[in-house]
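A.B. asks:
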Amino acid sequence: MKLDTIAILQSELEGYRRQLADSYLMDREVTDKLVREAYERKKQDADISHIMVTVSQGAPASDTLAAYQRILDYQKQLAAGKDFAELAKESDDGSTREIGGRVGYLNAILPNGLYALESAAYQLPINQVSAPVRTLYGYHLVKVHDRRPARGEVEVAHVLIRKEQDGSDASQAQASIQNVYLQLTNGGDFEAIAKQFSQDQNTAEKGGYIGFISINRYEKSFEDAAFALEKDNDFSKPFETRLGWHIVRRISKREIQPFEVEKARLEQSIRQDGRFEIAKKAMVERIKRDNKFTQTTGGLKNFQDTLSEVFLTFQWRAPEQKPQDVLFSLGSNYRATLGDYMDYLQKAARERIQLGRTGIGVPAVVNELYAGFVTEKVLEFEEQQLEQKYPDFRSLMREYEEGILLFEATKMLVWDKASQDTVGLNNFFKTVDGKYKWEERAVVTQYSVSSSGIAKMEEIRAFAATHPGAEVLAK
Numbered sequence: 001m002k003l004d005t006i007a008i009l010q011s012e013l014e015g016y017r018r019q020l021a022d023s024y025l026m027d028r029e030v031t032d033k034l035v036r037e038a039y040e041r042k043k044q045d046a047d048i049s050h051i052m053v054t055v056s057q058g059a060p061a062s063d064t065l066a067a068y069q070r071i072l073d074y075q076k077q078l079a080a081g082k083d084f085a086e087l088a089k090e091s092d093d094g095s096t097r098e099i100g101g102r103v104g105y106l107n108a109i110l111p112n113g114l115y116a117l118e119s120a121a122y123q124l125p126i127n128q129v130s131a132p133v134r135t136l137y138g139y140h141l142v143k144v145h146d147r148r149p150a151r152g153e154v155e156v157a158h159v160l161i162r163k164e165q166d167g168s169d170a171s172q173a174q175a176s177i178q179n180v181y182l183q184l185t186n187g188g189d190f191e192a193i194a195k196q197f198s199q200d201q202n203t204a205e206k207g208g209y210i211g212f213i214s215i216n217r218y219e220k221s222f223e224d225a226a227f228a229l230e231k232d233n234d235f236s237k238p239f240e241t242r243l244g245w246h247i248v249r250r251i252s253k254r255e256i257q258p259f260e261v262e263k264a265r266l267e268q269s270i271r272q273d274g275r276f277e278i279a280k281k282a283m284v285e286r287i288k289r290d291n292k293f294t295q296t297t298g299g300l301k302n303f304q305d306t307l308s309e310v311f312l313t314f315q316w317r318a319p320e321q322k323p324q325d326v327l328f329s330l331g332s333n334y335r336a337t338l339g340d341y342m343d344y345l346q347k348a349a350r351e352r353i354q355l356g357r358t359g360i361g362v363p364a365v366v367n368e369l370y371a372g373f374v375t376e377k378v379l380e381f382e383e384q385q386l387e388q389k390y391p392d393f394r395s396l397m398r399e400y401e402e403g404i405l406l407f408e409a410t411k412m413l414v415w416d417k418a419s420q421d422t423v424g425l426n427n428f429f430k431t432v433d434g435k436y437k438w439e440e441r442a443v444v445t446q447y448s449v450s451s452s453g454i455a456k457m458e459e460i461r462a463f464a465a466t467h468p469g470a471e472v473l474a475k
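Position one of the sequence shown corresponds to residue 1 (the working numbering), numbered consecutively onward.
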């Protein structure tokens, strides 16, 4: 039948391949690796300090350079023997500056923009300081103090007896919490006692219920007491925080789940995190390196020189005769030309205009968009190699192809022929026409009335028999 030579089927298969290749490459080379990395990191908590110099991602180059030079100066001072905690007093992080830069224990996945800091926390040897790392917020020097098995999450409730902020009546608060502790040790109901005595307005009415807590979210003494409880329904001895005196009760403990259980949630988190783009860029660089990426910039420079400010508007159009100057090559026979880049720029009109509005000028816009063009073409090159590199992708594509061809063969040999064979259809109908008839049917209207009188019901029935439903309801 030579179905595999039909153009429309070839086009359909190529459409499937494009969709599958993109997701397959990203899943295999980026998502899967990041998910596995995050899962392994979640097994441990890392205790760190840091020194931070703030500078935003979009800051002028002069500000970024000044921040980088400042963090390098801190690095030199540490190398010369200056104490980390002492130097951290100059950090731009006001929340840790006065405590030697101490962040405490943390657990992956850190908030978006902090992937580089997270990587330092999990990769550095204990008691060593990182080189400067860049995050969404600036530059950091990270020191790792310890790593321990992850504490996970614990579900807790508590009783709080507040102490006066000026320190007065401290003994009274302590005496009150001791009284609560005595009642609990004598078998008192924790929820009832929390409702009666706790001075935490947010939780008292709920029997002291806080919910699940993870590390580095509460004051250290509270966290340590909560995670020290070994069994559900155990409660702590009274302990003190800045707020007052507490007794905390463990309700349940939630450890890290098996990988297959955690996988979907981690995938969702990673796809929304900046680390996905970082890993994608790293993959692109690997492909370029493995396939001898060679760049020729002369044609690009000549192209820039021909452009005016019109390039930064919707009016710019790529010429019909596309130049064939090679911009870069990959492998033995893949070439990306200036004409290819012009087509890319034509489609990227919105990006051209948005970049133009920043005032960076035509040459800078050309170079900025060129990076995206290179990424697109490098991924396109790699996708062309998937059948050769990955047998499972080749098998998957074969399944798609066989499915499309089987569908088309069935359509041609069965459905299309059947729809055109009117004699056969009529003969078939005569053999089964008695099987698919409706039984006797009726259209009914039902009214519900509050009256139980027979006479009233007969009156309504008689009226309904000769009047539309709307009139019956109105009456």
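Glycine included, C-beta positions come from ideal geometry on N, C-alpha and C. Please read all numbers here as calculations on a predicted model, not as lab measurements.
Leaving out the 5 sequence neighbours to the left and right, which residues in its chain are closer than 8 angstroms to Asp234 when beta-carbon positions are compared?
C.D. replies: Arg249, Arg250
A.B. asks: Grab the span of the alpha helix (DSSP H) containing Thr466 for me, first residue to last.
C.D. replies: Its alpha helix (DSSP H) spans residues 454-466.
A.B. asks: Determine contact between the stretch 275-289 and the stretch 306-323, defined as no fewer than three beta-carbon pairs at a distance below 8 angstroms.
C.D. replies: Contact between the stretch 275-289 and the stretch 306-323 is not established, with fewer than three Cβ pairs separated by less than 8 angstroms.
A.B. asks: Taking the Cβ atom as the reference point for each residue, do Gln346 and Ala318 lie within a distance shorter than 9 angstroms?
C.D. replies: yes
A.B. asks: The beta strand (DSSP E) spanning Leu106 covers which residue range?
C.D. replies: 102-106 is the extent of the beta strand (DSSP E) around Leu106.
A.B. asks: Might you give, ordered along the chain, the residues of its own chain that have their beta carbon closer than 7 angstroms to the beta carbon of Phe227, omitting 5 neighbours on each side?
C.D. replies: Arg151, Val154
A.B. asks: Could you check how far apart the C-beta atoms of Thr96 and Ala88 are, in whole angstroms? I think they sit under 8 angstroms.
C.D. replies: 7 angstroms
A.B. asks: Quickly, what does DSSP pair Phe235 with across the bridge? List them, please.
C.D. replies: Arg249
A.B. asks: Relative to the C-alpha of Arg147, which residue among Glu118, Ala157, Arg134 is closest?
C.D. replies: Glu118
A.B. asks: Determine the closest residue to Asp195 out of Gly187, Thr185, Gly208, with distance taken between C-alpha atoms.
C.D. replies: According to the sequence provided, residue 195 is Lys. The question's Asp does not apply to it. It is Gly208 whose Cα lies nearest to the Cα of Lys195.
A.B. asks: According to DSSP, simplified to helix, strand and coil, what is Phe212?
C.D. replies: strand
A.B. asks: Looking at Phe477: is its Cβ nearer than 9 angstroms to the Cβ of Leu34?
C.D. replies: The requested residue 477 does not occur in the structure, where the chain is confined to residues 1 to 475.
A.B. asks: Note down, in chain order, each residue of its chain lying with its Cβ closer than 6 angstroms to the Cβ of Leu114, except the 5 sequence neighbours on either side.
C.D. replies: Thr135
A.B. asks: With a CB to CB cut of under 7 angstroms and the five nearest residues on each side skipped, what residues in its chain are close to Ala464?
C.D. replies: Tyr447, Val472
A.B. asks: Relative to the C-alpha of His50, which residue among Tyr74, Arg41, Lys43 is closest?
C.D. replies: Tyr74
A.B. asks: What residue range is occupied by the uninterrupted beta strand (DSSP E) comprising Phe314?
C.D. replies: Here Phe314 belongs to no beta strand (DSSP E), and DSSP marks it neither H nor E.
A.B. asks: DSSP state of Lys143, grouped into three classes?
C.D. replies: strand
A.B. asks: Rank Ser450, Val444, Met457, Ile454 by C-alpha distance to the C-alpha of Pro468 and give the top, closest one.
C.D. replies: Val444
A.B. asks: Below 8 angstroms on the Cβ atoms is my contact criterion, and I expect Ile48 with Val159 to pass it. Report the Cβ-Cβ distance as a whole number of Å.
C.D. replies: With 8 angstroms as the limit, Ile48 and Val159 do not qualify as a contact, their Cβ atoms being about 33 angstroms apart.
A.B. asks: What residues match up with Glu155 in a beta bridge as DSSP calls it?
C.D. replies: Phe212, Ser252
A.B. asks: When you compare each of Ile177, Ile278, Glu230, Lys206 to Phe239 by their alpha carbons, which one comes out closest?
C.D. replies: Ile177
A.B. asks: Use the C-beta contact count for Met52: other C-beta atoms within 10 angstroms, 16 or more gives buried, fewer gives exposed.
C.D. replies: buried
A.B. asks: Applying the 10 Å Cβ sphere with the 16-neighbour rule, what's the burial state of Pro132?
C.D. replies: Buried.
A.B. asks: Leaving aside the five residues before and after Pro363 along the sequence, list all residues of the same chain whose C-beta is less than 7 angstroms from its C-beta, in chain order.
C.D. replies: Gln304
A.B. asks: How should Ile71 be labelled, buried or exposed, when 16 other C-beta atoms within 10 angstroms of its C-beta is the threshold for buried?
C.D. replies: By the neighbour-count criterion, in which 16 or more other beta carbons inside 10 Å mark a residue as buried, Ile71 falls on the buried side.
A.B. asks: Which residue wins for smallest C-alpha separation from Gln123, given the options Arg41, Arg441, Lys220?
C.D. replies: Arg41
A.B. asks: Does the Cβ-Cβ distance between Val365 and Leu312 come in under 9 angstroms?
C.D. replies: yes
A.B. asks: In whole angstroms, what separates the C-alpha of Tyr137 from that of Leu110?
C.D. replies: 13 angstroms
A.B. asks: Report yes if the CB atom of Thr296 is closer than 9 angstroms to the CB atom of Leu327, and no otherwise.
C.D. replies: yes
A.B. asks: If you measure from the CB of Gly211, is any heavy atom of the ligand FAD nearer than 8 angstroms?
C.D. replies: For the ligand FAD, the structure offers nothing, since it holds no ligand at all.
A.B. asks: Along the chain, where does the alpha helix (DSSP H) containing Ile51 start, and where does it finish?
C.D. replies: Run containing Ile51: none in the alpha helix (DSSP H); it sits in the beta strand (DSSP E), 44-54.
A.B. asks: Classify Phe328 as helix, strand or coil using the three-state DSSP reduction.
C.D. replies: strand
A.B. asks: Using 10 angstroms around the beta-carbon of Trp438, count the other beta-carbons present and answer buried if the total reaches 16, otherwise exposed.
C.D. replies: exposed
A.B. asks: Consider the Cβ of Gly187: report whether some Cβ of chain C lies at a distance smaller than 9 angstroms.
C.D. replies: Structure shown: chain C not included; a single protein chain is present.
A.B. asks: Compare the C-alpha of Phe84 against each of Asp93, Arg102, Ala67, Asp92 and name the closest.
C.D. replies: Arg102
A.B. asks: Give every residue of the same chain whose Cβ lies closer than 7 angstroms to the Cβ of Ile210, excluding the five residues on either side of it in the sequence, and list them in chain order.
C.D. replies: Val156, Ala157, His158, Thr203
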